[in-house]
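Step one of this worksheet: look at the structure below.
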DNA sequence: ATGAAAGCGCTAACAA
DNA sequence: TTGTTAGCGCTTTCAT
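Residue numbers (my numbering), protein chains in the order written: chain A, 1 to 343; chain B, 1001 to 1343.
This is the structure we're talking about:
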């Protein structure tokens, strides 16, 4: 059965299109009798207003675009889930795009969409974009006054709303916690050294070490993207260096570190404490379960969506930009040994 | 800077809107000189055609809706990733909705969208929908002749395209493999007994047992949704029953089973073999890594998208419906002990 | 080679 | 209370 239009209803019922439109929108101008007649006919023929025509007219689509580096990453999945939740509640649909860390995909997506197809953007910069340091496509969005909210991986030169965590502070907290429970030689392992957030975490780690009189030792920092190479390096470090704990600043690093430790026959946490970052399924289900600093993915997504929609609906002035910092939390589980609790 | 329209260009250049339209579409009717003038002006003022107006006119949105039970499930994330890949390649955007296994959310989503907002649906039935056995909302979509492709969790009464795996056969294969490598007492653990796919897998398991002369023993089947209860039951089973292997028909079941086995001090795979289903991050990163029957999530998504878009673009007749069965594969890893290889 | 006009489906200001 | 008309931004026939 073909979809029916307002025009066809008007013809069938011998009234004008505007009468039909008003009746269907329950306008006070139309008599109850006419309304009833029209409603009945509409219902019978399963009338559904064409959303494109509405959008064109109202100049708003109720669609928002969401750019995600990778949906296979649990942290981003949680963020997207949070975004979708709020969007649905507030009557918006989300168009999702996975950049797979490609600058080109990111640019293409934005260019394709920045033409009235959506009411706003929620995005996380791809790794390549960050490395290339090319952000003109986002600048264009801002210039066009299309609402834009960046999350997690942001850029200081982009004057728009942001929802992030404090990576430096969180890493600082995590490192300090390890010292608190008695660790003396805290190593660091990272598979995300190419990301600004990764660098921030290293910064926080170093800061904490210095603050409490420890020295930063290059030999106790393994920062590699390749899993095999990283495991090899961690193994070497564990064998050659004096290390009683490891701060793995991303989930992959944590899992790999745990595997190396197991393969070396280390008892976790007695022989070695491990602190993870971000609370994914892997961290939760490892043996032992990982102690981590958790970033609330869902919350990040929700806040980003709230902010964006507030902007879209004019509840917040388009020029009023803010950076929202979502709190992180330490979850103590099985990979850290609490010798005592200092300070 | 506000976005510019074709009308404004026409005014500025003192030509008609149709001339501008044709010029921008590189029509042969327009002189090169005029085209150049118009193109230049358009470029200078960053003209972008309004996609809504185009959609309204062409009666196609280049948007497809994707319904996913939960994006936090790695298997579904892979499927969505596959869908997005194909959609992007073929110039379509995807609107994503997460039902969180809610019938109501599913119905609302479909009703909201079935009005020209999208060109087609790709969906996986929610658990609640399956249990309620209410599928009128999908029937309506089919009746409206809006292209629809169902994946993974489908329904026999829905006459539309489907992309699935053969759950019975795959479970049969997995069970038979365990027997092949020498297992005599194969138990089954499931956390998805509420799903039709779960029931199919149990069926395949039983079928294999019978086929090779084993008896189906209720005491060796644990089917519970709650993690705590399930672990307790599995533990009990492992202590009281004679079991040399376990077929965990979903990833959660596999992980929990592994945890119980560890807690009981079982050596895996020497004391107990475990076969998982679906190859998620957990299966890959467990210790030991799980032997699993893998379902190719990305492939499922890609095929679903290809089929849908072919339907949308009329490359396939709307009434020509098919069920595509994606092959599964056994990945042998660390949780199965190969005593020998029978048959 | 260019333009006028109709139409996609709908809303809304204005008229009757 | 109901209808006429213009317009959202664009494409496309049909004139010119």
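From the three backbone atoms N, C-alpha and C, an ideal C-beta is built for every residue, glycine too. Keep in mind it's a predicted model, so treat the numbers as computed, not measured.
Item to complete: On a CA-only basis, which of B:1312, B:1113, B:1080 is nearest residue 1124 of chain B? Give me that one, please.
Response: Position 124 of the second chain holds residue 1124 of chain B. The option with the nearest alpha carbon to residue 1124 of chain B is B:1080.
Discussion item. Just to confirm the assignment, what range does the beta strand (DSSP E) spanning residue 274 of chain A have?
Written reply: Indexing the first chain from 1 puts residue 274 of chain A at position 274. Element bounds for residue 274 of chain A: 273-277.
Worksheet item: Three or more beta-carbon pairs under 8 Å between the stretch 155-165 of chain A and the stretch 286-303 of chain A, yes or no?
Response: yes
Practice prompt. Enumerate, from N- to C-terminal direction, the unbroken alpha helix (DSSP H) stretches of 4 or more residues contained entirely within the stretch 1084-1126 of chain B.
Written response: Runs found: 1103-1113.
Worksheet entry | Per-residue contacts from residue 20 of chain A into chain B (C-beta, under 9 Å) | As a first step, residue 20 of chain A is located in the first chain; it is residue number 20 there, counting from the start. Under the 9 Å cutoff, chain B gives no residues; its nearest Cβ is about 16 Å from residue 20 of chain A.
Worksheet entry | Beta-carbon proximity list for residue 1101 of chain B, same chain, < 6 Å, skipping 5 on both sides | For this step, residue 1101 of chain B is matched to residue 101 along the second chain. Excluding positions up to five away in sequence, the list reads 1069, 1126, 1127, 1128.
Worksheet entry | Listed by chain order, chain B residues near residue 223 of chain A by CB distance under 7 Å | One-based indexing of the first chain puts residue 223 of chain A at position 223. Those do not exist, as residue 223 of chain A stays about 20 Å from chain B at its closest Cβ, beyond 7 Å.
Worksheet item: Should residue 1291 of chain B be flagged as near chain A, meaning a C-beta pair shorter than 7 Å?
Response: Counting from 1 along the second chain, the entry for residue 1291 of chain B is found at position 291. Taking Cβ atoms only, chain A never reaches closer than 7 Å to residue 1291 of chain B, which makes this a no.
Discussion item. Measuring straight from C-alpha to C-alpha, what distance separates residue 227 of chain A and residue 233 of chain A?
Written reply: As a first step, residue 227 of chain A must be located in the first chain, where it is residue number 227. As a first step, residue 233 of chain A must be located in the first chain, where it is residue number 233. Going from the Cα of residue 227 of chain A to the Cα of residue 233 of chain A covers about 10 Å.
Worksheet item: Checking contacts by CB at 7 Å: is residue 1154 of chain B closer than that to chain A?
Response: What you label residue 1154 of chain B is simply residue 154 of the second chain in a count that begins at 1. It does not: the Cβ of residue 1154 of chain B has no partner Cβ on chain A nearer than 7 Å.
Worksheet item: Name the chain A residues that come within less than 8 Å of residue 1055 of chain B, Cβ to Cβ?
Response: Along the second chain, read from residue 1 onward, the residue named residue 1055 of chain B stands at position 55. Near residue 1055 of chain B (Cβ distances below 8 Å), the residues of chain A are 52.
Worksheet item: Applying a beta-carbon distance threshold of less than 9 Å, which residues of chain A neighbour residue 1081 of chain B?
Response: By 1-based counting over the second chain, the position of residue 1081 of chain B is 81. Under the 9 Å cutoff, chain A gives 70, 71, 72, 98, 100.
Worksheet item: Between the C-alpha atoms of residue 168 of chain A and residue 1062 of chain B, what's the straight-line distance to the nearest angstrom?
Response: Within the first chain, numbered from 1, the residue matching residue 168 of chain A stands at position 168. Within the second chain, numbered from 1, the residue matching residue 1062 of chain B stands at position 62. Their Cα atoms are separated by approximately 42 Å.
Discussion item. Considering just the uninterrupted stretch of the alpha helix (DSSP H) at residue 1041 of chain B, what are its terminal residues?
Written reply: Your numbering for residue 1041 of chain B matches position 41 in the second chain. If you look at residue 1041 of chain B, you'll find it in the alpha helix (DSSP H) that goes 1032-1044.
Practice prompt. May I ask you to report which of helix, strand or coil DSSP gives residue 245 of chain A?
Written response: As a first step, residue 245 of chain A must be located in the first chain, where it is residue number 245. Strand, per DSSP.
Worksheet item: Just checking, does the stretch 98-116 of chain A make contact with the stretch 31-41 of chain A on the three C-beta pairs under 8 Å criterion?
Response: No contact exists between the stretch 98-116 of chain A and the stretch 31-41 of chain A.
Worksheet item: Exposed or buried, what is residue 58 of chain A when buried is set at 16 or more other beta-carbons lying within 10 Å of its beta-carbon?
Response: Position 58 of the first chain holds residue 58 of chain A. Flag for residue 58 of chain A reads exposed.
Worksheet item: Which of the three DSSP states, helix, strand or coil, is assigned to residue 1014 of chain B?
Response: Working through the second chain from its first residue, we reach residue 1014 of chain B at position 14. Looking at residue 1014 of chain B - three-state DSSP - the assignment turns out to be coil, as it is neither helix nor strand.
Discussion item. If distances are taken between C-alpha atoms only, which option among B:1028, B:1306, B:1173 comes closest to residue 1331 of chain B?
Written reply: Walking along the second chain from the start, residue 1331 of chain B turns up at place 331. Among B:1028, B:1306, B:1173, the Cα nearest to that of residue 1331 of chain B belongs to B:1173.
Worksheet item: For the putative contact between residue 1247 of chain B and residue 1326 of chain B, defined by C-beta atoms under 8 Å, what is the C-beta separation to the nearest angstrom?
Response: On the second chain, residue 1247 of chain B is found 247 positions in, with the first residue counted as 1. On the second chain, residue 1326 of chain B is found 326 positions in, with the first residue counted as 1. That pair is no contact at about 21 Å.
Worksheet item: What's the gap between the Cα of residue 342 of chain A and the Cα of residue 207 of chain A?
Response: By one-based count along the first chain, residue 342 of chain A stands at place 342. By one-based count along the first chain, residue 207 of chain A stands at place 207. The straight-line gap from Cα to Cα measures roughly 18 Å.
Worksheet entry | Residue span of the alpha helix (DSSP H) that contains residue 61 of chain A, given as start and end | If you number the first chain from 1, residue 61 of chain A lands on position 61. That residue, residue 61 of chain A, is in no alpha helix (DSSP H); it is neither H nor E in DSSP.
Item to complete: Return the CA-CA distance between residue 1260 of chain B and residue 287 of chain A, expressed in angstroms with no decimal places.
Response: Within the second chain, the letter at position 260 stands for residue 1260 of chain B. Within the first chain, the letter at position 287 stands for residue 287 of chain A. For residue 1260 of chain B and residue 287 of chain A, the gap between their C-alpha atoms comes out near 11 Å.
Worksheet item: Beta carbon of residue 1225 of chain B, beta carbon of residue 1252 of chain B: below 7 Å?
Response: As a working mapping, residue 1225 of chain B is identified with position 225 in the second chain. As a working mapping, residue 1252 of chain B is identified with position 252 in the second chain. Contact: no.
Worksheet item: By how many angstroms is the C-alpha of residue 105 of chain A removed from the C-alpha of residue 1025 of chain B?
Response: One-based indexing of the second chain puts residue 1025 of chain B at position 25. One-based indexing of the first chain puts residue 105 of chain A at position 105. Those two C-alpha atoms are separated by around 25 Å.
Practice prompt. Give a yes or no on whether 7 Å exceeds the smallest Cβ distance from residue 1037 of chain B to chain A.
Written response: In the second chain, the residue the question calls residue 1037 of chain B occupies position 37. Chain A contact via Cβ: absent.
Worksheet entry | Collapsed DSSP secondary structure at residue 1172 of chain B in the structure displayed | Translated into the one-based positions of the second chain, residue 1172 of chain B becomes position 172. Helix at residue 1172 of chain B.
Practice prompt. With distances taken Cα to Cα, identify the nearest neighbour of residue 241 of chain A among A:184, A:291, A:156, A:84.
Written response: To locate residue 241 of chain A, count along the first chain from 1; it is residue 241. Comparing Cα positions, the closest option is A:184.
Discussion item. Given this structure, state the Cα-to-Cα distance separating residue 1109 of chain B from residue 111 of chain A, to the nearest angstrom.
Written reply: On the second chain, position 109 is the one that residue 1109 of chain B refers to. On the first chain, position 111 is the one that residue 111 of chain A refers to. The alpha-carbon atoms of residue 1109 of chain B and residue 111 of chain A are separated by roughly 27 Å.
Practice prompt. Would you list the one or two residues that DSSP bridges to residue 1223 of chain B?
Written response: The count along the second chain starts at 1 and reaches residue 1223 of chain B at position 223. Paired residue(s): B:1190.
Item to complete: Output the boundary residues of the beta strand (DSSP E) element that contains residue 1323 of chain B.
Response: Numbered from 1 along the second chain, position 323 holds the residue referred to as residue 1323 of chain B. Looking at the DSSP string, the run of the beta strand (DSSP E) that includes residue 1323 of chain B is 1323-1325.
Worksheet item: On the three-state DSSP scale, how would you describe residue 287 of chain A?
Response: On the first chain, position 287 is the one that residue 287 of chain A refers to. Looking at residue 287 of chain A - three-state DSSP - the assignment turns out to be coil, as it is neither helix nor strand.
Worksheet entry | Straight-line Cα distance separating residue 1011 of chain B from residue 149 of chain A | What you label residue 149 of chain A is simply residue 149 of the first chain in a count that begins at 1. What you label residue 1011 of chain B is simply residue 11 of the second chain in a count that begins at 1. Going by the C-alpha atoms only, they are around 35 Å apart.
Worksheet item: What is the C-beta distance between residue 1270 of chain B and residue 1212 of chain B, in whole angstroms, given that I count them as a contact (C-beta under 8 Å)?
Response: Your numbering for residue 1270 of chain B matches position 270 in the second chain. Your numbering for residue 1212 of chain B matches position 212 in the second chain. Separation of the CB atoms of residue 1270 of chain B and residue 1212 of chain B is rounded to 23 Å, and the pair is thereby denied contact status at 8 Å.
Worksheet item: Is the stretch 193-201 of chain A in contact with the stretch 145-160 of chain A, if contact means three or more CB pairs nearer than 8 Å?
Response: yes
Worksheet item: Taking only beta-carbon atoms, is residue 1255 of chain B less than 7 Å away from chain A?
Response: For this step, residue 1255 of chain B is matched to residue 255 along the second chain. Answer yes: the Cβ-Cβ gap between residue 1255 of chain B and chain A drops below 7 Å somewhere.
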